[in-house]
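Protein chains: 2
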Amino acid sequence: MNNDSITKRSEDFAKWYTDVVRAAKLADYTSVKGCIAIEPNGYAIWEKIQSIMDKKFKELGHVNVQMPLLIPENLFNQEKELIEGFAPELVWVTEVGDKKFDERFAIRSTSETVFCDYYKKHITSYKDLPKLYNQWCNVFRYEKETRPFLRSREFLWQEGHTVHATAEEAEKETKQMMDVYEWFNHEILAIPSITGKKTNKEKFAGAEYTLTNEDLMYNGVCLQDGTSHYFGQKFSKAYDVKFTNKDNKDEYAYYTTWGKTTRAIAAIIMVHADDYGLVLPPRIAPKQVVIIPIGNDPKVDELANKYKDELLKNDVTAYIDDSEKSPGFKFAEAEVNGIPIRIEVGKRDLENNKVTFVRRDTREKIEKTLDVNVVEFTKELLETIQKDMYDRALERREQLTFEAHNLEDMERILNTQPGFIHAMWCGDEACETRIKEIKGCKSRCIVENGEKIDDKCVCCGKEAKHHVIWGIQY
Amino acid sequence: MNNDSITKRSEDFAKWYTDVVRAAKLADYTSVKGCIAIEPNGYAIWEKIQSIMDKKFKELGHVNVQMPLLIPENLFNQEKELIEGFAPELVWVTEVGDKKFDERFAIRSTSETVFCDYYKKHITSYKDLPKLYNQWCNVFRYEKETRPFLRSREFLWQEGHTVHATAEEAEKETKQMMDVYEWFNHEILAIPSITGKKTNKEKFAGAEYTLTNEDLMYNGVCLQDGTSHYFGQKFSKAYDVKFTNKDNKDEYAYYTTWGKTTRAIAAIIMVHADDYGLVLPPRIAPKQVVIIPIGNDPKVDELANKYKDELLKNDVTAYIDDSEKSPGFKFAEAEVNGIPIRIEVGKRDLENNKVTFVRRDTREKIEKTLDVNVVEFTKELLETIQKDMYDRALERREQLTFEAHNLEDMERILNTQPGFIHAMWCGDEACETRIKEIKGCKSRCIVENGEKIDDKCVCCGKEAKHHVIWGIQY
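Top to bottom, those sequences are chains D and G. 169 is the number of the first residue of the first sequence in my numbering; add one for each residue after it. 169 is the number of the first residue of the second sequence in my numbering; add one for each residue after it.
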């Protein structure tokens with residue numbers, strides 16, 4: 169695959185996106201409609217996401233578990249809001265071999281019911297709390313329209329489910345895990361997410377409130393990417409999760425959940441990729457450096473191997489592309505695959521005392537003499553790329569950030585160039601519904617401690633209560 | 169939970185097993201019949217299994233992917249033997265929300281169909297080969313009788329699926345992965361598995377042949393634990409997986425699969441655990457050393473922390489149990505959890521210039537003076553424990569290894585004390601069927617290059633072709 173096959177981003181963003189996914193061999197469609205095969209290049213990114221996040225979760229005291237995939241219908245039914253929120257998307261197991269089951273089983277679309285059912289049995293005293301459990305697994309939601317990574321019927325995620333003895337502690341956890349997601353997006357994915365609270369209309373079915381990370385894609389469309397929910401005692405009442413508190417009284421436990429999915433890979437693509445294919449931030453790239461020896465020359469091969477060994481020894485994931493393809497083909501392949509740095513070295517280069525480093529993000533070629541300290545230079549360059557990618561994403565986000573003071577502003581912006589639209593809101597759901605009529609624009613999040621832009625609601629003109637970011641979403 | 173609650177192994181092996189699982193908090197039953205919740209202590213063992221095996225797979229050139237959970241019925245039907253082998257155990261998704269699907273989808277019980285469907289699309293030339301894919305995932309088989317880890321309707325596993333340009337290369341892969349499993353059992357789990365070939369009757373549905381690792385449990389019951397299958401061109405013909413070979417001719421690809429499951433945790437328990445609970449081989453123990461300070465004393469705490477820091481710095485996973493429980497309770501908890509080494513230190517010990525190391529496997533107490541090099545001593549002791557555990561398991565296996573020269577021998581052994589029964593076989597399935605009438609005894613594996621015990625088949629007396637191990641299985 170070379171990068172001629174990628175549609176230009178400016179021509180057709182949707183087609184460009186799927187072209188990038190296919191060119192980098194991240195995922196492909198399968199015989200199961202709406203379900204993808206995550207291919208080695210895509211799964212390696214997910215493994216890197218998993219390893220970095222899992223380490224952080226564990227540092228904060230969380231432990232991993234694995235709960236059942238199937239959920240009996242009666243269990244799901246105990247929490248009305250949850251079943252209502254998910255009912256149309258649930259797929260049901262009804263038969264084994266040729267026999268019908270007495271009861272249907274849903275494939276998990278989320279596991280609150282299952283975790284509460286477990287906690288109910290395993291928590292008796294405040295001494296058993298907190299329980300800080302997480303699981304990495306697959307979930308299924310029967311979405312109508314699907315797109316690889318962005319919206320797939322089956323996807324992979326982690327779901328944290330924690331129970332606490334006090335509301336304060338549970339709310340602290342909800343906030344803490346949101347901070348972890350924000351840190352991950354900013355520092356690892358180089359995506360300048362904005363964190364805020366969902367409105368009641370947009371929060372998770374059954375939650376008291378939902379915190380969210382909102383990313384802005386290159387085309388100005390918004391993406392919810394990581395959420396943390398505080399449930400108070402609502403679910404523990406529905407599922408009877410009680411404990412004896414310090415005063416020796418029965419109390420319902422305080423519950424939180426938080427999750428991040430393979431959708432993060434869609435965000436990486438739609439924030440960073442370009443017309444030449446994928447561009448991976450160095451900290452998430454499974455392979456950070458590709459070394460391409462040009463021509464058949466023992467001295468060139470020797471240098472390539474020396475570079476590789478030195479880089480690997482210093483925790484830079486480098487490899488040599490010594491396949492039988494032409495150098496031009498290898499360059500293109502390194503580009504579509506988004507490898508942050510490409511090192512080119514040939515026989516003539518050796519004679520001319522030079523080696524070339526090519527940045528994937530800017531495609532800039534940097535020539536160095538052969539006495540370059542390859543480890544030091546590469547490590548610095550990787551950090552520069554990481555920082556520059558964040559800065560460019562932030563610049564793009566700022567370019568696509570607007571303020572609306574009335575509905576006309578909203579309409580004009582959404583009809584011209586969508587993005588993050590800051591506007592004041594009265595808190596009334598009717599105004600959210602009215603605004604949604606404009607191209608499906610939704611509240612993304614309430615900016616906590618956000619500055620007051622106006623005194624009045626952007627929609628109804630009544631007294632404004634919240635500074636809200638609005639936008640069109642994936 | 170303390171270890172008084174564990175039934176004696178000699179009294180009721182099955183109850184002892186589930187008591188050990190519950191006492192060590194490895195897994196528990198759930199509201200979904202036959203499906204377990206893998207709890208933190210159990211999942212941590214699985215994570216360790218994953219990390220060690222995954223590293224080895226990758227060193228051998230394998231890459232991870234993720235294929236869909238659901239398999240359309242028509243796709244499954246393309247390989248007759250596979251669907252026949254699995255049909256009674258398959259559960260089917262038939263509905264989304266309140267609507268019926270036109271076609272049923274099986275939850276994967278194994279993914280040969282899905283991988284072949286993928287490879288069919290992605291392989292054109294011999295240059296695309298080999299493909300060395302693996303996935304870590306959940307699978308579902310509707311078993312009638314279930315037991316945590318041993319036989320669960322949903323379980324976790326890895327399934328390798330590789331395609332090759334030649335039969336030779338594919339057979340080499342089949343053998344290589346079996347060697348990996350054997351290495352893992354011997355070196356990491358301290359289980360002296362025997363490797364061999366399944367008979368045609370016992371091989372995987374649709375495979376040309378199956379290699380297997382057979383473990384012997386403490387009670388003499390056999391456990392199949394890791395298999396590697398060679399399919400030749402059979403599946404690639406059924407699913408049309410073709411490539412253009414070096415002679416520019418179309419050829420069907422050569423296919424292998426291999427898998428190992430959470431059942432490995434059952435094997436660890438049934439080989440190594442005792443009346444006091446779980447006993448973990450040091451190389452698979454998520455926590456290798458627990459340090460228990462006795463009494464409240466700053467000097468004791470200081471020493472405990474010093475030990476912990478030094479051990480962690482030297483790649484020994486140590487932790488301090490500084491909970492508010494009594495020392496006796498902590499000792500019992502460390503025992504039921506199978507922590508390989510317990511270090512006890514109290515105020516009086518300091519005065520008497522001693523620190524006590526307790527081996528979990530033998531429960532032996534080893535007193536050392538305070539000038540002991542804790543890192544060196546602990547590391548040596550961990551290696552000794554690992555080796556001793558293997559040796560004891562091997563000794564037990566040898567105690568329970570028998571030779572049968574005729575059906576009467578077989579019956580006598582199986583009625584007295586089951587184990588690995590070595591006997592010659594003519595190769596006729598009728599004899600396998602006849603032998604199965606004795607307490608369900610099955611062929612475990614054909615010992616490759618096994619010595620000739622007799623000239624004649626243990627059952628029919630005709631000429632013997634194979635040295636076979638027989639036994640009762642889980």
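The C-beta atom is built at its ideal place from N, Cα and C for all residues, glycine as well.
Next on the checklist: Can you look up T198/G in the DSSP assignment and give me helix, strand or coil?
Outcome noted: Of the three classes helix, strand and coil, the one that applies to T198/G here is coil, per DSSP.
Checklist entry - Once you ignore the five residues that flank T262/G on each side, which residues in its own chain have a CB closer than 7 Å to its CB? => result K268, F269, R272
Item to check | Cβ-based contacts, 7 Å cut-off: residues of the region 341 to 359 of chain G near chain D | outcome: none
Next on the checklist: Can you confirm whether the region 417 to 425 of chain D touches the region 273 to 293 of chain D when touching is taken to mean that 3 or more C-beta pairs between the two stretches lie within less than 8 Å?
Outcome noted: yes
Checklist entry - Does the beta-carbon distance from L648/D to V468/D come in below 8 Å? => result With chain D represented from 169 up to 642, any question about residue 648/D goes unanswered, as that position is not in the structure.
Item to check | Inter-residue spacing [alpha-carbon to alpha-carbon] between N353/G and M385/D | outcome: Going by the C-alpha atoms only, they are around 48 Å apart.
Checklist entry - Among I251/D, E313/D, D529/D, I356/D, which one has its Cα closest to the Cα of C203/D? => result E313/D
Checklist entry - On the three-state DSSP scale, how would you describe C613/D? => result strand
Checklist entry - Does any residue of chain D bring its CB to less than 8 Å from the CB of P208/G? => result yes
Checklist entry - How would you call D483/G, buried or exposed, if buried means at least 16 neighbouring beta carbons within 10 angstroms? => result That one is exposed.
Item to check | Cutoff 8 Å; reference D442/D; Cβ partners in own chain excluding five residues on either side | outcome: Taking C-beta separations shorter than 8 Å and ignoring five residues to either side along the sequence, the partners of D442/D in its chain run R177, following chain order.
Next on the checklist: For S494/G and R510/G, I'd like the C-alpha separation in whole angstroms.
Outcome noted: C-alpha separation (whole angstroms): 15 Å.
Item to check | K633/G, enclosing alpha helix (DSSP H) - first and last residue | outcome: Element bounds for K633/G: n/a, residue is neither H nor E.
Checklist entry - With distances taken between CB atoms, is the gap from F323/G to T429/G smaller than 8 Å? => result yes
Checklist entry - When Cβ atoms are compared, which residues of the region 220 to 242 of chain G fall closer than 8 Å to chain D? => result So the list reads V231, N232, V233, Q234, M235, P236, L237, L238, I239, P240, given in the order they occur along the chain.
Checklist entry - Counting only runs that start and end within the region 246 to 305 of chain D, where is the beta strand (DSSP E) found for 3 or more residues in a row? => result 259 to 264, 267 to 275
Checklist entry - With 16 as the cutoff for other CB atoms within 10 Å, does A435/G come out buried or exposed? => result buried
Checklist entry - Using the beta-carbon count (16 or more within 10 Å), is I614/G buried or exposed? => result buried
Checklist entry - If you drop the 5 nearest sequence neighbours on each side, which residues of the same chain put their C-beta closer than 6 Å to that of K224/G? => result Spatial neighbours of K224/G in its own chain (CB-CB distance under 6 Å, excluding positions within 5 residues in sequence) are listed in chain order as V348.
Item to check | Limits of the unbroken alpha helix (DSSP H) element including Y558/G | outcome: Segment 542 to 567, the alpha helix (DSSP H) holding Y558/G.
Checklist entry - Contact check, I251/D vs N245/D under 8 Å by CB: the rounded distance? => result 6 Å
Next on the checklist: If the criterion is Cβ atoms closer than 8 Å, does the pair E631/G and C594/G meet it?
Outcome noted: Cβ atoms of E631/G and C594/G: closer than 8 Å.
Checklist entry - Between which two residues does the alpha helix (DSSP H) containing N473/G stretch? => result 466 to 481
Checklist entry - So with Cβ pairs under 8 Å, would you call G253/D a contact of chain G? => result Not a single C-beta of chain G is nearer than 8 Å to the C-beta of G253/D.
Next on the checklist: Please classify D393/G as buried or exposed, where buried requires at least 16 other C-beta atoms within 10 Å of its C-beta.
Outcome noted: buried
Checklist entry - Does the region 229 to 239 of chain G come close enough to the region 207 to 224 of chain D to have 3 or more Cβ pairs within less than 8 Å? => result Counting C-beta pairs closer than 8 Å gives three or more between the region 229 to 239 of chain G and the region 207 to 224 of chain D, which meets the contact rule.
Next on the checklist: Check whether the region 402 to 418 of chain G and the region 463 to 477 of chain G are in contact - that is, three or more C-beta pairs closer than 8 Å.
Outcome noted: No: the two stretches stay apart, fewer than three of their Cβ pairs being nearer than 8 Å.
Next on the checklist: For T175/G and S279/D, I'd like the C-alpha separation in whole angstroms.
Outcome noted: 34 Å
Checklist entry - Cβ of I507/G within 8 Å of Cβ of R531/G? => result Not closer than 8 Å, so no.
Checklist entry - Taking Cβ-Cβ distances shorter than 7 Å, what residues in chain G pair up with T412/D? => result Simply none; closest approach about 16 Å.
Next on the checklist: So with CB distances below 8 Å, who are the chain G contacts of W260/D?
Outcome noted: V261, T262, E263, V264
Next on the checklist: If I measure Cβ to Cβ from L318/G and keep anything under 7 Å in the same chain, skipping five residues before and after, which residues do I get?
Outcome noted: R431, A434, Y642
Checklist entry - At least one CB of chain D closer than 8 Å to the CB of P316/G: is that the case? => result Taking Cβ atoms only, chain D never reaches closer than 8 Å to P316/G, which makes this a no.
Checklist entry - With 16 other CB atoms within 10 Å as the buried threshold, where does S361/G fall? => result Taking a 10 Å sphere around the C-beta of S361/G, we find 16 or more other C-beta atoms and assign the residue as buried.
Checklist entry - Mapping DSSP to helix, strand and coil, what is G427/G? => result In the structure shown, G427/G sits in a strand (DSSP, three-state: E or B).
Checklist entry - According to DSSP, is I581/D helix, strand or coil? => result helix
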